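These notes concern the structure reproduced below.
Printed below as a string of C-alpha cells:
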C-alpha cells in the first residue's frame, strides 16, 4: 500500500485542471480583448512543475521498489471499488511493479523534459494554456494506463491518451488538415479498441476477473480455454495504438500536431502502450503461441515496410514518424519471439533517442521558420551546432551503432529473435529492419546538416529552454544503454529486474551467441551508415536517384497503398452505407411515421363529413342505431 | 268494451314513429319540438298500456315523471329556440348548423 501512488496520477491531473482553468479565464478575457494571452510563465511552471513532481515521485517509488526483495517488488494502492455489478467487480486499484515502474519513469521523465522544451517551442501561441492542459492530461492518462492494476483501468487510461492524442494532433485545428489528421488517428484507433474491448469481455466471461495478477496466474496454468482468442483480440488493440500494419496509417499523419507532441505522444510514450500491454499480459500471450508468432511477423513486416517508408520520405517529421512505426515493429518482433524484456528495453531507449530526434527536428523546424521539407534544408551544421550534435546523438543511437543506447536494446531484440522459435523469419526481418534504420537515420543527418544550403532566411539556434531537455536526452541516449543493459557476464540488469513480472524465459545474455549477434548487428548497421554516407553526404536529395529506381523504393513511396485502400474501400463504403441509411431513413422510417400521421388525418377528414352540425342528420344516426338495436334484440332475443 | 293491450302498444308505437319522422324531416325547430313531444307521448301511451295490462302502478309513476320532465325540457328547449331566433332571425334548424361559436 502506498498513498503516493494515486498522487502520481493525481499530480498531472491537477496540473491539467489548473491549466484548463487558466485557459478558460483567457477565453473569457478574450471576449473583450481579442489579443489576450495566458501568463506563459505561470502556465509553464504549473504544467512542468506537475510533470517534474510526478517524475520525482516515480523516482522515489522506484527506489522504494528496489529496496524490496526481488520476488515481491509490488506496491499497490486501492481506492475502493469502481464497478460492482453482478459478477463484474472492478476495484479502483493501482499497481507499481518493475514493469510499470520503468514505464512510469520513462513517461514522467521524458514527459517533464518535453514540457520544459514546449515552453520555448509554444511561446506566443494563443492556445498556450490549452496545450499544457492537454499535455498534463495526457501524462495523467498515460500513468493511469501504466499503473492500473486491471484491464478496465488500463482501458480508461488507454482511451484517455487517445483523447489527448486527438486533441493535440488537431491542436492547430484552424488550419483544417490537423483536425482531419486527429480524426483519422482517433477513428483508426477505434478499430483496434473494438478488439481490445472484446478481449476484455472475453476474459471477463471466461475468467470472471480482470486484474493482471489473476489473468497471469490463470494463463500460466492453462486455465483460460480461449486464450488464443483473448490474446488475438487484445493484440488488435495494441496494433491500433502502436500503429502496426494494417493500422499504421494514422501515425505519419499525426505529425500535424506540434513537434513536442510528436516527441512525447507519438514517439516516446503513447504509441508504446501496445508494447506495454503485451508485456503486461505476457503470460496470456505465451499461452497462445500462434498469436505470438503473428505478433512477431506483424512487427517484423511493419519494421521493414515502415523503414522503407522512412527512407523514401521527403518530409523530416514524416520520416521520423515512419521510423517510429518501424521501431515499434521491432519491439513487437522481440515480444513475438518471447523476449518481452527486450521489447521493454528497446521501448525505454527508444523513448530517449526518438524523443531527442523529434525535439532536435523541432529545433530545426523552429530554426527554419516551420520548414519540414528535406529538399529545403542541408548545410545546417554550422548554423545550429548544438541541435546538430543532439540530432547526431539521436540518429547514432537510433541506428544501433555502439556504444549508444539503441545498440544494446536492438541487440537484445535480435538476440531474442534468434533465440526463440521461428528464428529464421523473425531474425531476418529484424536484421533487414536494422539495416534500413541505420540507412535512413544517417540519410536524415546528411540531408539536414551537410551538403549544399537549400534553405531560405537565416536560421538561428533555439533558446536554452529548448536545448536543455535535448542535452539531457542526448546524455541519456549516450549513456542509457551502457548503464542499464551492458551485459556483465550473465547478469543483465533490466532483464533481471523485469523477470518476476514477465512470463517466459529471458534470452541468456553474454556468451558466444551474444557476441555473434552483437557483431552481426554492428556489421549491418555499419554497412547502412557507410552506404548512407556515400549516397547522401555530398549530393543531398540527389542521392535518392540510385535507389529510386529499385522496386523496393517504389513500394515504400507507394506506402500510401493502404491509405488509398482505406479511403477507397472503407471510407467510401462507409459513406455509401451512410447514404443508404439516409435514404432508408428518409423514405422508410420517415415514410412510416408520416404515413401514420397522414392516415390519421385522412380518417379525420372522411369522418368530419358526419359532424355537419345539422340535428336531423344526427337524428338519422340515432334513429338508425336505435332501429338496428331493436332489430337485433328482436332477432337474437327470440333465438 | 275493453281496448286490447296490443292496440294501445300500436298507438304508442305509431305516435313515436310519427314523432321520429317529424323530427327527421322537418326543419322548423318549433315543429321539431312538436315531434319530440309526440315521441314522449308515444312512450307515455306505451307505459300506460303496460300499467293496465299488468295491473301495477310503476309504469304509471314513470309516465308521470316523463310528463314532468317533458314540461321542464320544453321550457329549456323553447328558451334555446328563442335565443337562436334572436341570433339568426330564423327558427330553421339548418340555420344552427355552424359548429363555430
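Residue numbers (the numbering used here), protein chains in the order written: chain A, 1 to 639; chain B, 1001 to 1101.
C-beta: ideal position from N, C-alpha, C; glycine also.
Every value quoted in this text rests on a predicted model; they were computed, and no experiment measured them.
In or out: residue i buried (at least 16 other Cβ within 10 Å) or exposed?
i	result
residue 545/A	exposed
residue 282/A	buried
residue 373/A	exposed
residue 280/A	buried
residue 1058/B	exposed
residue 443/A	buried
residue 489/A	Low confidence applies here, because residue 489/A scores a pLDDT of 44, under 50, leaving its location unreliable; read the following figure in that light. Exposed.
residue 412/A	buried
residue 201/A	exposed
residue 1076/B	exposed
residue 459/A	buried
residue 514/A	buried
residue 1098/B	exposed
residue 618/A	exposed
residue 1028/B	exposed
residue 348/A	buried
residue 1016/B	buried
residue 400/A	buried
residue 151/A	buried
residue 1082/B	exposed
residue 269/A	buried
residue 610/A	exposed
Apart from the five residues just before and just after residue i, which ones in its own chain have a Cβ nearer than 8 Å to its Cβ?
i	result
residue 112/A	48, 51, 52, 54 and 55
residue 227/A	219, 284, 287 and 288
residue 600/A	none
residue 472/A	113
residue 433/A	300, 303, 304, 307, 326, 329, 330 and 333
residue 552/A	308
Please list, in chain order, all residues of the same chain as residue i whose beta carbon is under 7 Å from its beta carbon, the five residues on each side excluded.
i	result
residue 38/A	22, 23, 26, 128 and 129
residue 246/A	562
residue 319/A	310, 313, 440 and 444
residue 18/A	46
residue 538/A	451
residue 43/A	19, 22, 128, 129 and 132
residue 395/A	357, 441, 442, 444 and 445
residue 531/A	439
What distance in whole Å lies between the Cβ atoms of residue j and residue i, which are believed to be in contact at a cut-off of 8 Å?
i	j	result
residue 417/A	residue 354/A	Actually they are not in contact, since the Cβ atoms of residue 417/A and residue 354/A sit about 21 Å apart, beyond 8 Å.
residue 263/A	residue 358/A	3 Å
residue 235/A	residue 295/A	6 Å
residue 430/A	residue 292/A	Not confirmed; about 15 Å, so no contact.
residue 13/A	residue 140/A	4 Å
residue 9/A	residue 144/A	5 Å
residue 501/A	residue 97/A	5 Å
residue 463/A	residue 120/A	5 Å
residue 384/A	residue 316/A	In fact, because the Cβ distance is near 13 Å, the residues do not count as touching under 8 Å.
residue 65/A	residue 75/A	6 Å
residue 678/A	residue 461/A	The structure shown does not extend to residue 678/A, since chain A is modelled only from 1 through 639, so no value can be given for it.
residue 1008/B	residue 1066/B	Rounded, the Cβ-Cβ distance is 16 Å, inconsistent with contact.
residue 171/A	residue 258/A	6 Å
residue 57/A	residue 7/A	6 Å
Comparing the C-beta of residue i with each C-beta of chain B, is any distance below 7 Å?
i	result
residue 573/A	no
Hey, is residue i's beta-carbon within less than 7 Å of any beta-carbon in chain A?
i	result
residue 1099/B	yes
residue 1035/B	no
residue 1094/B	yes
residue 1023/B	yes
residue 1020/B	yes
Which residues in the same chain as residue i place their Cβ atom closer than 6 Å to its Cβ, once the five residues preceding and following it in sequence are excluded?
i	result
residue 114/A	260, 263 and 264
residue 1018/B	1038
residue 1026/B	1032
residue 2/A	75 and 77
- Taking a Cβ distance cut-off of 8 Å, strictly less, list which residues of the stretch 1037 to 1068 of chain B are near chain A, in chain order. Cβ contacts with chain A come from no residue of the stretch 1037 to 1068 of chain B.
- Message: So if I threshold CB-CB distances at 8 Å, which residues from the stretch 607 to 626 of chain A count as touching chain B?
- Response: Cβ contacts with chain B: 611, 612, 613, 614, 615, 616, 619, 620 and 623.
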